[in-house]
Amino acid sequence: MLGSGSIIMLHELKAKGKSICPIAKETGLSRNTVRKYLRADGIPQRKPHPKRESKLDPYKDTIQQMINSGIFNCEVIYERIKEEGYTGGRTILRDYVRPFRPPRQVPAVRRYETNPGQQAQVDWGEYTYIAEGSWPGA
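Residue numbering for the sequence shown follows the UniProt record's numbering, beginning at 1 and increasing consecutively.
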C-alpha cells in the first residue's frame, strides 16, 4: 500500500494532464497500481486485522497466579503450564513474563577507605621506551 504522500503525488501528476503510462514510468509503479489509486476516492485506509488468539491466552490466569506468588522463572512456569496442555514455546512465555519481573538491582559497592600512608594501590602496566639510536633488546 502506498503512503498518503505518494497517492497525492499521483493525483497531482494526473491533474497536470499526464496519462497513466507516463505516470507509471515516472514513479516506477505498475500501470495497474497507478490506475487503482487514481480511481479510489481519497486516500484508502488500511483495514484493521482481527486480533489473533495467542497460544498463551488460555494459560494467562495460571501464569498470573504464579507471578503474583513470586514465581518469575519462566522454566518453572513453562513446565507447569505444559502439564496443563500448553503447546507453545518458551520465547512467547518469556516475552509475556518480562514486564512483570521486578527490576534488577545492582549490588552496592562499599568503599574501603584507609588513612593516608596505611595502604597503597598500584595499577601495573608496561611500556617500551626506545632511546635515540638504540633498539630494545639489542
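Built from N, CA and C at the ideal position, the CB exists for glycine as well. Note that the coordinates shown come from a computational prediction; the quantities given were computed from them, not determined experimentally.
Quick check on residue i: buried or exposed, where buried means 16 or more other Cβ atoms within 10 Å of its Cβ?
| i | result |
| --- | --- |
| Met66 | buried |
| Tyr86 | buried |
| Val76 | exposed |
| Val106 | exposed |
| Ile8 | exposed |
| Ile130 | exposed |
Could you spell out the range, first to last residue, of the alpha helix (DSSP H) harbouring residue i?
| i | result |
| --- | --- |
| Val76 | 74-83 |
| Asn115 | Unbroken run through Asn115: none, as it is neither H nor E. |
| Thr27 | 20-27 |
| Gln64 | 60-68 |
Quick one: what does DSSP say residue i is sitting in, helix, strand or coil?
| i | result |
| --- | --- |
| Arg35 | helix |
| Thr91 | helix |
| Gly125 | coil |
| Glu12 | helix |
| Arg98 | helix |
| Ile71 | coil |
Inset, instruction - Specify whether the stretch 57-75 and the stretch 35-42 touch according to this definition: at least 3 beta carbon pairs, one from each stretch, less than 8 Å apart. - result: no
Inset, instruction - Pair every Cβ in the stretch 86-96 with every Cβ in the stretch 56-63, then say whether three or more of these pairs are closer than 8 Å. - result: yes
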